[in-house]
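Data block below; observations after.
Protein chains in written order, with the numbering used here: chain Y, 1 to 454; chain L, 1001 to 1454.
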């Protein structure tokens, strides 16, 4: 049992609350009390957490290997989404399970340092460079599970079905690594993955259809059915680029959203990622389905996707969640405030998503989108995730209890995260990851990935 | 004399260059050489600077007291530009010279920590709360000069003429603090300020017209004439909000840009700040005048201004410079990449402003916009400003010499700045400001400002 005394904590019922004692036993929160009412809070065992303590934050959309592209993806020649994709493919072609493990372990450690306690890995780098499966067809998935465990982050391994290179187009080049041939073979492989890891409380195996470009309707149905049968999260890229919408309309006469709805992909277990370019009917469809939005604002800016109708979706009842996708940035607060600020840029108005709404997106809604419905809240019975943000840095200085939520969401940065507990385990203390030099691990892993690709 | 050995340096002719020795004598760079050709680089005197060393970065647009609004300005009720302005005015009404000094000193220290070596303070908080001048009518300006000196940053004190509350409207409430009554009285006060500080190599006194809303045409002419007579920088807020354009057209039949052009405000010494909402003719006018653009991307997002035609302006030959304005963020790299990423969001295309273009905006163009034309370049004869960015953090790990410029501009953060030299003086070493705990200074200053305003 460990007791944490939080200077301020963000609680489900009372919002920002001063002087809260949180008791953790065997990875769960077993008590949340005000220090005044608490007993023995001056114990030597009590860990003091100055600043604002949040529940664990959930990064709903990660392509972990993209971390090696940061900076490099901004060099001349990558001047369209599709030009960028060529660079990403060159890297994707080079990674084997060992290189993926090293890159994922270091990048996941970077995520925990930033306050993320869960990550949803949208995983489609399945097979060998020529498309032939590894001896264990889930070798790459196992590498991701091991990396998450070693980095101290909880993982939703969103195994992604990727069958086509476009409407009616076969997989080509590096895309052959992504494909299982058909839906049933995808489902059989994922079933093995689920058998290997599904019983682990720190791993959820989820399902994804990469996009309407990459999965024909019968495949979409198989993916949706697998997710339903396993009560698993179901994710899908949706309308990230206008070209996808145009191709979908030309090939099927439907918008991507309508196509997903018809195939049974939309529903409460579903998170649609990006949803940048939607028609009015698409918004209604997503709201009716009670699906979640997985917004990735820094990546959507870096990839020139555009600003989607976030406020309209949230207004229609679609819960917001957030992810760092390509890891151009890994800062939860930057993603959160960009969600609001991008709406301001698009509309000329302020006040779409306030600090509480954005913390809800980062915390409970994000965790639920990854199958961790028992995380993301500082309450008795929940998973013991604690993320403490210092309020004494040059960025956060000046916050008071009244303004702390806004000061953190709109002013703090990943660098202000001082202490991270994941399922009761201390992973970050004093701003340092228990695994040591994460920058060094990243440098080694990225150099290794580039050499493999050279 | 001090010698710095830079692992990588961004040089005017060769771009990113490995192993550069920079010699500094009496605040100037007296030699730039490759270490191979250098003598005695293994001296005990040589200071090693691992990472990428940049020239000094110039923050062309600061309202320093807005730092106290970070977070607080995001609370409910501040949901339009004009609602935000009410909060800002409440704070502006409360500050006296001592409170302004304390807030400016701490905020300027935050800026130096982020790599800014010059700041352009767009200063209009001149007089006492009821509009009556202080015993010394430049008491507030002197406070800013002292704060900059104590924080170790170079200052362009852009004294701002502010005469009206709108087209044909008098100053009201807190705005009375801003006004000198008429143009000649503004010029007389600024002349005194120039006499007091203009001979100091670390202070430039510049001139500004707040906006076409706040300065009638005859006042615009007086401000422009003062700047021309003193060869001083001339700044102006331009078309930040559609409402300003509409009011200007209604009152004068001209766009703000056309009005400024007619009044003689545009020219090579001029920096137009924001320029968010421009007509096609306005772009041509600014390009013909060879004025600079002072873009403030995070503030323009936070205030719901919108995305301006940055790429079109730069394409037309208008040099880009950058500022942090309301200090919602003080990160030069965030401003720089937002300048590009916002264009991507607006156009759906990448590749408008590359890393070199953005470093040029932060460095030499920004410094020139503040009257420090001899800063912003790592070359013999220039002011000895050095800003070193570590390449071993979780943010920058993976950069190599080929990608370092892009890795820094598109991936680094203020927190990666390890060493800052301003005019030969070491102000930041090992990521710490020589004045000590800047977060603590900010907390104290902000609490003081809020108490005064309560």
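The beta-carbon is built from N, C-alpha and C at its ideal position, and this holds for glycine as well.
Answer with yes or no whether the minimum CB distance from residue i to chain L is below 8 Å.
| i | result |
| --- | --- |
| residue 460 of chain Y | In the structure as shown, chain Y starts at 1 and stops at 454, and residue 460 of chain Y therefore has no counterpart that could be examined. |
| residue 446 of chain Y | yes |
| residue 399 of chain Y | yes |
Can you list the residues of chain L that residue i reaches, using a CB-CB cut of under 8 Å?
| i | result |
| --- | --- |
| residue 84 of chain Y | 1350 |
| residue 392 of chain Y | 1439, 1440, 1443 |
Between which two residues does the alpha helix (DSSP H) harbouring residue i extend?
| i | result |
| --- | --- |
| residue 248 of chain Y | 242 to 252 |
| residue 257 of chain Y | 256 to 262 |
| residue 1330 of chain L | From DSSP, residue 1330 of chain L is part of no alpha helix (DSSP H); its letter is neither H nor E. |
| residue 87 of chain Y | 81 to 92 |
| residue 107 of chain Y | 97 to 113 |
| residue 1360 of chain L | 1355 to 1360 |
Can you look up residue i in the DSSP assignment and give me helix, strand or coil?
| i | result |
| --- | --- |
| residue 65 of chain Y | helix |
| residue 1050 of chain L | strand |
| residue 456 of chain Y | Within the shown structure, residues of chain Y are numbered from 1 to 454, placing residue 456 of chain Y beyond reach of any answer. |
| residue 446 of chain Y | helix |
| residue 1005 of chain L | strand |
| residue 194 of chain Y | helix |
| residue 1467 of chain L | Any question about residue 1467 of chain L goes unanswered here, given that chain L covers just 1001 to 1454. |
| residue 1154 of chain L | strand |
| residue 1057 of chain L | strand |
| residue 1413 of chain L | coil |
| residue 1286 of chain L | helix |
| residue 1216 of chain L | coil |
| residue 1422 of chain L | strand |
| residue 378 of chain Y | coil |
Checking contacts by CB at 8 Å: is residue i closer than that to chain Y?
| i | result |
| --- | --- |
| residue 1110 of chain L | yes |
| residue 1415 of chain L | yes |
| residue 1411 of chain L | yes |
| residue 1104 of chain L | no |
Closest to residue i by CA distance: which of the options is it?
| i | options | result |
| --- | --- | --- |
| residue 417 of chain Y | Y:354, Y:278, Y:430, Y:401 | Y:430 |
| residue 1381 of chain L | L:1290, L:1022, L:1010 | L:1022 |
| residue 1403 of chain L | Y:446, Y:400, Y:435 | Y:446 |
| residue 19 of chain Y | Y:3, Y:229, Y:107 | Y:3 |
| residue 350 of chain Y | L:1260, L:1304, L:1340 | L:1304 |
| residue 1049 of chain L | L:1420, L:1424, L:1442 | L:1420 |
| residue 15 of chain Y | Y:383, Y:378, Y:427 | Y:378 |
| residue 1239 of chain L | L:1226, L:1276, L:1216 | L:1276 |
| residue 994 of chain L | L:1123, L:1203, L:1108, L:1134 | In the structure as shown, chain L begins at 1001 and stops at 1454. Residue 994 of chain L is therefore absent and cannot be evaluated. |
| residue 1027 of chain L | L:1434, L:1386, L:1408 | L:1386 |
| residue 1262 of chain L | L:1217, L:1272, L:1175, L:1323 | L:1217 |
For residue i, report the span of its beta strand (DSSP E) as first-last.
| i | result |
| --- | --- |
| residue 306 of chain Y | Neither: residue 306 of chain Y is in no beta strand (DSSP E) and is coded neither H nor E. |
| residue 1274 of chain L | 1270 to 1274 |
| residue 1425 of chain L | 1425 to 1429 |
| residue 1206 of chain L | 1203 to 1209 |
| residue 313 of chain Y | Residue 313 of chain Y -> not in any beta strand (DSSP E); alpha helix (DSSP H) instead, spanning 310 to 315. |
| residue 320 of chain Y | 320 to 322 |
| residue 1387 of chain L | 1386 to 1389 |
| residue 1295 of chain L | 1292 to 1295 |
| residue 33 of chain Y | 28 to 34 |
Run down chain Y in chain order and give the residues with a C-beta less than 7 Å from the C-beta of residue i.
| i | result |
| --- | --- |
| residue 1080 of chain L | 349, 350 |
| residue 1116 of chain L | Near residue 1116 of chain L there are no residues of chain Y at all, since even the closest Cβ is about 13 Å away, more than 7 Å. |
Could you list which residues in chain Y have their beta carbon closer than 8 Å to that of residue i, in chain order?
| i | result |
| --- | --- |
| residue 1242 of chain L | 348 |
| residue 1091 of chain L | By Cβ distance, chain Y contributes nothing, its closest Cβ being about 12 Å from residue 1091 of chain L, past 8 Å. |
| residue 1382 of chain L | Within chain Y, no residue comes near residue 1382 of chain L; the closest Cβ sits about 27 Å away, beyond 8 Å. |
| residue 1357 of chain L | The premise fails here: residue 1357 of chain L is roughly 11 Å from chain Y at the closest Cβ pair, so nothing lies under 8 Å. |
For residue i, which residues in chain Y fall below 9 Å Cβ to Cβ?
| i | result |
| --- | --- |
| residue 1345 of chain L | 300, 301, 304, 305, 306, 307, 342, 345, 346 |
| residue 1407 of chain L | 70, 71, 72, 74 |
Which residues of chain L have a Cβ atom closer than 7 Å to the Cβ of residue i, listed in chain order?
| i | result |
| --- | --- |
| residue 113 of chain Y | 1394 |
Below 7 Å, is the gap between the Cβ of residue i and the nearest heavy atom of the ligand GDP?
| i | result |
| --- | --- |
| residue 1025 of chain L | Because no ligand of any kind appears in the structure shown, any question about the ligand GDP cannot be addressed here. |
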